[in-house]
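Undergrad: Numbering follows the working numbering, with no gaps: position 123 of the sequence shown is 124.
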Amino acid sequence: MISNLDSMGIVKVVNDPRYGKFYFQPIEERVARIIGNSMRRVLLSSLPGASVYYVKIDGVLHEFSTIPGVEEDVTQIVLNLKKLRFRVFSDRNKTLHLCVKGIGQVTCADIQADSEIEVLNPSLHIATLTEKDATLSMEIGVTTGTRYICADKYTELEGQVNIIPIDSYFSPVEKVCYEVKKLDSIAIANTSLIIEIWTDGSLMPNEALSRGAKILSDYLNHFTGLKSGLQKVQKADSIQSQGSMPSLDIKIEDLNLSVRALNCLKRASIETLAELIHEKESELMSIRNFGRKSMTEVIEKLREFGLSLKPEDD
Numbered sequence: 002m003i004s005n006l007d008s009m010g011i012v013k014v015v016n017d018p019r020y021g022k023f024y025f026q027p028i029e030e031r032v033a034r035i036i037g038n039s040m041r042r043v044l045l046s047s048l049p050g051a052s053v054y055y056v057k058i059d060g061v062l063h064e065f066s067t068i069p070g071v072e073e074d075v076t077q078i079v080l081n082l083k084k085l086r087f088r089v090f091s092d093r094n095k096t097l098h099l100c101v102k103g104i105g106q107v108t109c110a111d112i113q114a115d116s117e118i119e120v121l122n123p124s125l126h127i128a129t130l131t132e133k134d135a136t137l138s139m140e141i142g143v144t145t146g147t148r149y150i151c152a153d154k155y156t157e158l159e160g161q162v163n164i165i166p167i168d169s170y171f172s173p174v175e176k177v178c179y180e181v182k183k184l185d186s187i188a189i190a191n192t193s194l195i196i197e198i199w200t201d202g203s204l205m206p207n208e209a210l211s212r213g214a215k216i217l218s219d220y221l222n223h224f225t226g227l228k229s230g231l232q233k234v235q236k237a238d239s240i241q242s243q244g245s246m247p248s249l250d251i252k253i254e255d256l257n258l259s260v261r262a263l264n265c266l267k268r269a270s271i272e273t274l275a276e277l278i279h280e281k282e283s284e285l286m287s288i289r290n291f292g293r294k295s296m297t298e299v300i301e302k303l304r305e306f307g308l309s310l311k312p313e314d315d
């Protein structure tokens with residue numbers, strides 16, 4: 002039997018911009034371990050963030066090049082750029098610029114940013130210029146997402162001249178630890194769950210904890226009305242077997258599309274299945290960052306429902 006939930010509470014011990022430590026007590030030990038492990042996995046894998054996804058450097062054709070008057074080769078510069086962290090105030094992709102001339106250190110503080118994006122580690126080293134007539138000029142692409150995306154997944158960048166795709170790590174949470182400790186109590190709920198969270202500064206630890214809990218809660222809520230839910234599924238299966246069409250009011254978030262495809266569709270104000278099937282293929286391809294791979298994914302998903310995009314000749 003689960004102990005009285007009303008007696009449980011969270012005590013915020015530390016909540017700095019990049020580190021937080023929280024006690025959740027009193028709680029049963031077995032439940033504490035389940036929650037601690039689940040929260041750790043969600044916090045590290047499911048929170049959205051921003052990351053560099055390409056760079057375009059003047060005079061550079063590929064990442065194995067060198068730049069006259071620059072100590073680091075392009076491969077090292079790319080590795081440095083991968084460490085860039087941002088706080089973004091828009092769901093649009095951002096393009097940043099950097100241009101430095103003459104002898105000296107090039108850091109992220111030299112990046113020109115607007116009001117919709119903030120560079121969180123301006124002291125990060127990018128390159129060293131060793132000659133007075135040396136110039137380092139580049140365009141840096143920033144996108145949002147979750148988890149980790151390999152450079153070769155950005156198919157929309159293929160064929161673009163001088164563009165170097167970059168692996169992207171989006172999670173704003175850098176590290177999570179949890180510990181289960183006994184309290185001085187003889188009650189069944191005699192344990193404290195301690196969760197420590199380290200972030201990149203784009204998200205406060207308490208915000209990360211709250212969002213992670215919301216993600217878990219949203220999933221678990223599907224089980225709270227399991228009996229009625231099963232009846233609905235059985236009814237839906239019956240209707241489907243009779244040849245009825247699926248509900249066109251389905252949100253595109255529920256179609257299990259990739260993060261990139263979902264973000265592109267939402268950017269184009271496409272919110273439901275009904276709105277999606279009224280789009281032509283050419284209209285979807287005109288959405289920024291919506292590439293052929295995303296198109297194939299959408300077409301295959303619609304095919305599962307027995308649907309298709311609007312014909313081009315309509």
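Built from N, CA and C at the ideal position, the CB exists for glycine as well.
1. Can you give the Cα-Cα distance for D185 and N191, rounded to whole angstroms?
2. What is the DSSP secondary structure of N16, counted as helix, strand or coil?
3. Buried or exposed: where does I150 fall if 16 or more other Cβ atoms within 10 Å of its Cβ makes it buried?
4. Excluding the 5 residues preceding and the 5 following S242 in the sequence, name in chain order all residues of the same chain whose CB lies nearer than 8 Å to its CB.
5. Between the segment 138-150 and the segment 43-56, can you find at least three pairs of beta-carbon atoms closer than 8 Å?
6. Return yes when the Cβ of L125 is within less than 8 Å of the Cβ of C109, no when it is not.
7. Assuming contact is defined by CB atoms lying nearer than 8 Å, are V107 and I167 in contact in what I supplied?
8. Suppose you measure from the CA of D134 to the CA of A128; what does that come to, to the nearest Å?
9. Among L121, E157, I58 and I28, which residue has its Cα nearest to the Cα of R293?
10. Quickly, what does DSSP pair G10 with across the bridge? List them, please.
11. Looking only at DSSP bridge pairs, what is G146 linked to?
12. What's the call for N222, buried or exposed, on a 16-neighbour Cβ count within 10 Å?
13. Decide if E254 is buried, meaning its Cβ has at least 16 other Cβ atoms within 10 Å, or exposed.
14. By the 10 Å Cβ neighbour count, where 16 or more other Cβ atoms means buried, how is Y220 classified, buried or exposed?
15. Using the three-state DSSP reduction, which class does G244 fall into: helix, strand or coil?
16. If we ignore side chains and look at the alpha-carbon of each, how far apart do L137 and K102 end up?
17. With C265 as the anchor, note down where its beta strand (DSSP E) starts and where it stops.
18. Distance cutoff 8 Å, beta carbons only. Does R41 sit that close to anything in chain B?
19. If I follow the unbroken alpha helix (DSSP H) through I251, where does it start and stop?
20. I need the DSSP call for E175, collapsed to helix, strand or coil.
21. Over what stretch of residues does the alpha helix (DSSP H) that includes P123 continue unbroken?
22. Based on Cα-Cα distance, which residue from M296, N207, N290 and L285 lies nearest to G142?
23. Rounded to whole angstroms, what's the CA-CA distance from S239 to Y179? Just pull it up for me.
24. Give the straight-line distance between the Cα atoms of E284 and E197, rounded to the nearest whole angstrom.
25. According to the neighbour-count rule (16 or more other Cβ atoms, all chains shown, within 10 Å of its Cβ), is R261 buried or exposed?
26. Kindly indicate which three-state DSSP category L303 falls into: helix, strand or coil?
27. Less than 8 Å separating the beta-carbons of F25 and L194?
28. Please name the residue or residues paired with S138 in a DSSP beta bridge.
29. Could you compute how far the alpha carbon of V61 sits from the alpha carbon of G70?
TA: In this structure, then:
1. 7 Å
2. strand
3. buried
4. Below a pLDDT of 50, predicted positions are generally treated as unreliable, and S242, at 47, falls in that range; the measurement from the model is reported next regardless. Counting only Cβ-Cβ distances below 8 Å, and skipping sequence neighbours, we find nothing.
5. Three or more beta-carbon pairs drawn from the segment 43-56 and the segment 138-150 are found closer than 8 Å, and the two stretches are therefore classed as touching.
6. For the pair C109 and L125, the CB atoms are nearer than the 8 Å cut-off.
7. no
8. 15 Å
9. Checked all of L121, E157, I58 and I28; the closest Cα to R293 is E157.
10. Q26
11. G50
12. exposed
13. exposed
14. It is exposed - the Cβ of Y220 has fewer than 16 other Cβ atoms within 10 Å.
15. Its pLDDT being 44, under 50, G244 is placed unreliably by the model, and the measurement read from it follows with that caveat. Three-state DSSP puts G244 in coil, outside helix and strand.
16. 7 Å
17. For C265, there is no enclosing beta strand (DSSP E); the enclosing alpha helix (DSSP H) covers residues V260 to R268.
18. The displayed structure is made up of one protein chain only, and chain B is not part of it.
19. It is not in any alpha helix (DSSP H) - I251 carries neither H nor E in the DSSP assignment.
20. strand
21. Segment: none, P123 is in no alpha helix (DSSP H) and carries neither H nor E.
22. With distances taken between Cα atoms, G142 lies closest to N290.
23. Any reading at S239 needs caution, since the residue's pLDDT is 48, under 50, leaving its predicted position unreliable; the model's value is listed next. Looking at the two C-alpha atoms, the distance is approximately 46 Å.
24. 46 Å
25. buried
26. Looking at L303 - three-state DSSP - the assignment turns out to be helix.
27. yes
28. C100
29. About 13 Å.
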